[in-house]
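In what follows, a single structure is set out as structure tokens and then discussed.
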Amino acid sequence: PLVDGNVIRVLSRLQALADDPKAAATIKTHWRLARALVESHKEPSSLNQALMELGAMVCTPTTPDCAACPVAAQCLALKQQAADPAQLVTRFPTKVVKAAVRKQTL
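Quick note, the sequence shown lines up with residues 506 to 611 if you use my numbering.
Quick look at the structure:
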């Protein structure tokens with residue numbers, strides 16, 4: 506499987522994974538989940554492409570269209586939002602604060 510940013514977002518929301526998506530353990534988790542999904546499908550490449558497109562077109566970073574999502578019934582992040590509207594789907598995956606770029610002068 507291919508695990509790009511779109512797939513990470515979809516899997517993070519489906520499983521409500523709040524861990525740092527850049528952490529080694531989280532990366533392994535995403536690869537394990539993607540591998541299990543893709544390998545269990547009769548057309549692995551089609552499923553992998555579908556996951557990438559789902560993340561690009563429906564499960565977007567800031568304005569996901571959960572009403573149009575074909576896996577909304579299985580989405581743990583959406584279930585958490587339904588239970589507590591303050592817990593938005595968009596909190597997954599966790600936003601990682603980037604370190605400030607150091608300026609050096611010679």
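The beta carbon of each residue, even a glycine, is placed where N, CA and C say it ideally should be.
Ignoring anything shorter than 4 residues, give me the alpha helix (DSSP H) runs that lie fully in the region 518 to 571, in order along the chain. 529 to 544 and 549 to 562
Quick check: what's the CA-CA separation for H670 versus A523? Outside the shown range of the chain (506 to 611) lies residue 670, about which nothing can therefore be said.
Distance between R596 and P549 (C-alpha atoms, nearest Å): 29 Å
What number of angstroms, rounded off, separates the C-alpha of L552 from the C-alpha of S517? 17 Å
On a Cα-Cα basis, can you pick out the residue from L611, V508 and Q609 that is closest to M659? What is shown of the chain runs 506 to 611, which leaves residue 659 out entirely.
For C580 and A541, I'd like the C-alpha separation in whole angstroms. 17 Å
By the 10 Å Cβ neighbour count, where 16 or more other Cβ atoms means buried, how is Q586 classified, buried or exposed? buried
Any contact between the region 564 to 584 and the region 519 to 535? By contact I mean 3 or more CB pairs, one from each, below 8 Å. yes
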